[in-house]
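Since the structure comes first, as structure tokens, the remarks are kept for the end.
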Amino acid sequence: MEHSLLVWLLPTLALVVGVVVGFALARLLPNAAPSNTQRQLDDIQQRFDNYQNEVVTHFNSTASLVKKLTQSYQDVQDHLADGANRLALDELTRQRLLAALHSDAAQGPRDRLTPPKDTAEVPRDYAPKAPNSPGMLDESYGLKR
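Each residue of the sequence shown is one higher than the last, beginning at 725 in this note's numbering.
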């Protein structure tokens, strides 16, 4: 009888110890995994915030440089106009220089070229052929007789 009690007691005791160890590990491991995941998420969020700050800084710098470029262009225009007024020998030359200087600025943005609208014939995707010669799709095209 002692032997049968020992046979039942040892596996039951091992089961109880295994359940306690399992609960203890289950409590510890799920907390470790979310902290690792949370750390990765925080790292990704930090990198994304840094990227956004870099983009904003880039476009602010670009806007500042374009503004500076526009001002430099205006300064060159003013310098050329002043030089034309001071250095032109006669009024006709002065007027021609000023007109040439301001003709580019007065034009503004150019429109895109548009194809003519009065085309009656549809554009061809092949080369036109002579009246009595075979076309490119003819069986004898390119063969010598």
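The C-beta atom is built at its ideal place from N, Cα and C for all residues, glycine as well.
Can you tell me the Cβ-Cβ gap for residue i and residue j, rounded? I've got them flagged as a contact below 8 angstroms.
i: Ala812; j: Leu825; result: The pair is not a contact, with the Cβ atoms about 11 angstroms apart (cut-off 8 angstroms).
i: Leu822; j: Ala805; result: 6 angstroms
With C-beta atoms as the reference, is residue i less than 7 angstroms away from residue j?
i: Ser864; j: Pro858; result: yes
Give the secondary structure of residue i by DSSP, where H, G and I count as helix, E and B as strand, and everything else as coil.
i: Glu863; result: coil
i: Asn856; result: coil
i: Ala748; result: helix
i: Leu793; result: helix
i: Asp802; result: helix
i: Asp814; result: coil
Near residue i, which residues of its chain fall below 8 angstroms by C-beta distance, leaving aside the five closest residues on each side in sequence?
i: Gly739; result: The question names Gly, but residue 739 is Leu in the sequence shown. So the list is empty, once near-sequence residues are dropped.
Would you tell me roughly how many angstroms separate the C-alpha atoms of residue i and residue j, rounded to the nearest one?
i: His803; j: Tyr775; result: 42 angstroms
i: Leu753; j: Pro735; result: 26 angstroms
i: Val711; j: Thr786; result: The question about residue 711 has no answer here: the residues shown for the chain are numbered 725 through 869.
i: Val731; j: Gly742; result: 17 angstroms
i: Ile768; j: Phe783; result: 23 angstroms
i: Asp871; j: Asn760; result: Since the first and last residues shown for the chain are 725 and 869, residue 871 lies out of range.
i: Gln762; j: Ser796; result: 51 angstroms
i: Leu861; j: Lys853; result: 11 angstroms
i: Gln819; j: Val800; result: 18 angstroms
i: Ser728; j: Ala748; result: 31 angstroms
i: Gln764; j: Gly746; result: 27 angstroms
Looking only at its chain, what residues have a beta carbon closer than 7 angstroms to the beta carbon of residue i, apart from the 5 residues adjacent to it on each side?
i: Leu867; result: none
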